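What follows is a set of notes on a single structure, which appears directly below.
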Amino acid sequence: MVIIKYFVHGTTTDNSSHLSTGWLPGELSEKGIMQGVELAYTIKDQHFDVVFCSDLTRAVESAKLNFYNRDIEIIRDTRIRECNYGDYNGKDSKLVDYATHIDKQFPNGECLKDVEKRIRDFVDFLKKNYDGKTVAVVAHRAPQLALDVITNNKTWQQALADDWRKAKSWQPGWEYIIK
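In the working numbering, the protein residues as written are 1 to 179.
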């Protein structure tokens with residue numbers, strides 16, 4: 001069994017401008033930097049064996065802030081990147097509609113089922129290499145929704161409907177159990 005504690009990256013300058021960054025690096029805003037510092041304080045007493053983060057800049061910087069001054073390895077992993085919105089990377093957030101891109105890829109990008117495939121591979125990797133461990137993951141929206149699909153046996157429609165972002169019910173980490 002692997003316990004995953006999932007943390008989303010801090011607010012970016014794109015988020016603040018209502019843009020969907022996708023596979024672009026993304027830069028943390030001042031608010032995002034403060035969120036990272038505050039989260040580090042909130043989770044300072046929680047034990048993690050390792051931290052995985054997306055290789056996109058906003059996730060890497062968030063992970064560094066979240067686990068600042070802790071003797072814990074932070075590993076970048078491309079499998080936990082955000083969905084590739086293709087032509088919509090860095091464009092108006094209104095263009096990025098997950099509900100219509102579960103099976104249908106964004107123009108020159110991915111669909112949510114592509115993200116699910118990457119996350120399934122990541123989950124299998126964790127099962128083989130981190131059994132009995134507690135793993136922190138710092139990443140994005142689509143990978144978190146894919147974990148809901150994989151670990152909680154939800155459909156994509158259920159995961160989208162239950163997404164905490166709709167109710168603006170952020171919390172300092174979500175727990176997922178891999179058996």
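Virtual Cβ for every residue (Gly too), placed ideally from N, Cα, C. Fair warning: this is a prediction, and the values are worked out from it, not measured in the lab.
Practice item. Note down, one range per segment and in chain order, each alpha helix (DSSP H) of at least 4 residues found wholly within the region 41-111. Key: Listed in chain order, the complete alpha helix (DSSP H) runs (minimum 4 residues) inside the region 41-111 are 57-66.
Exercise for review: Please classify Thr134: does DSSP put it in a helix, a strand, or coil?
Suggested key: For the purposes of this step, residue 134 is taken as residue 134 along the sequence shown, with counting starting at 1. Of the three classes helix, strand and coil, the one that applies to Thr134 here is strand, per DSSP.
Review point. What did DSSP end up calling Ser20 once you bin it into helix, strand or coil?
Key: Taking the first residue of the sequence shown as position 1, residue 20 is located at position 20. Reduced to three states, the DSSP call for Ser20 is strand.
**Study point:** Per-residue DSSP class, three states only, for Thr13
**Key:** Against the sequence shown, residue 13 aligns to sequence position 13. In the structure shown, Thr13 adopts helical secondary structure according to DSSP, grouped into three states.
Point to revise | Glu116 (DSSP reduced to helix, strand or coil) | key: Looking up residue 116 in the sequence shown gives position 116. If DSSP states are grouped into helix, strand and coil, Glu116 belongs with the helices.
Review point. If you check the beta carbons only, do Asn108 and Asp87 fall under 8 Å apart?
Key: Locating residue 108 in the sequence shown gives position 108, counting from the first residue. Locating residue 87 in the sequence shown gives position 87, counting from the first residue. Contact annotation: Asn108 and Asp87 have beta-carbon atoms nearer than 8 Å.
Exercise for review: Spell out the partners DSSP gives Trp174 in its beta bridges.
Suggested key: On the sequence shown, residue 174 is found 174 positions in, with the first residue counted as 1. Beta-bridge partners of Trp174 (DSSP): Tyr6.
Review point. According to the neighbour-count rule (16 or more other Cβ atoms, all chains shown, within 10 Å of its Cβ), is Gly225 buried or exposed?
Key: Coverage of the chain is limited to positions 1 through 179, which leaves residue 225 absent and any answer about it impossible.
Check your understanding: Could you give the C-beta distance for Val37 and Val138, rounded to a whole number, given that I count them as a contact under 8 Å?
Key -> Locating residue 37 in the sequence shown gives position 37, counting from the first residue. Locating residue 138 in the sequence shown gives position 138, counting from the first residue. No, Val37 and Val138 are not in contact; Cβ-Cβ is about 14 Å, not under 8 Å.
Point to revise | Nonlocal neighbours in the same chain, by C-beta distance under 6 Å from Asp148, ignoring five residues either side | key: By one-based count along the sequence shown, residue 148 stands at place 148. Counting only Cβ-Cβ distances below 6 Å, and skipping sequence neighbours, we find Lys154, Ala159.
Check your understanding: With a Cβ-Cβ cutoff of 8 Å, do Gly173 and Ile43 count as a contact?
Key -> Residue numbering aside, residue 173 sits at position 173 when the sequence shown is read from its first letter. Residue numbering aside, residue 43 sits at position 43 when the sequence shown is read from its first letter. Between Gly173 and Ile43, the C-beta gap is smaller than 8 Å, which places the two residues in contact.
Check your understanding: With a cut-off of 8 Å, does the C-beta of Ser16 fall near any C-beta of chain B?
Key -> Reference to chain B is not applicable here, since this structure consists of a single protein chain.
Check your understanding: Between Phe67 and Pro143, what straight-line distance do the alpha-carbon atoms span, to the nearest angstrom?
Key -> Locating residue 67 in the sequence shown gives position 67, where the first residue counts as 1. Locating residue 143 in the sequence shown gives position 143, where the first residue counts as 1. Cα to Cα, the separation comes out at about 20 Å.
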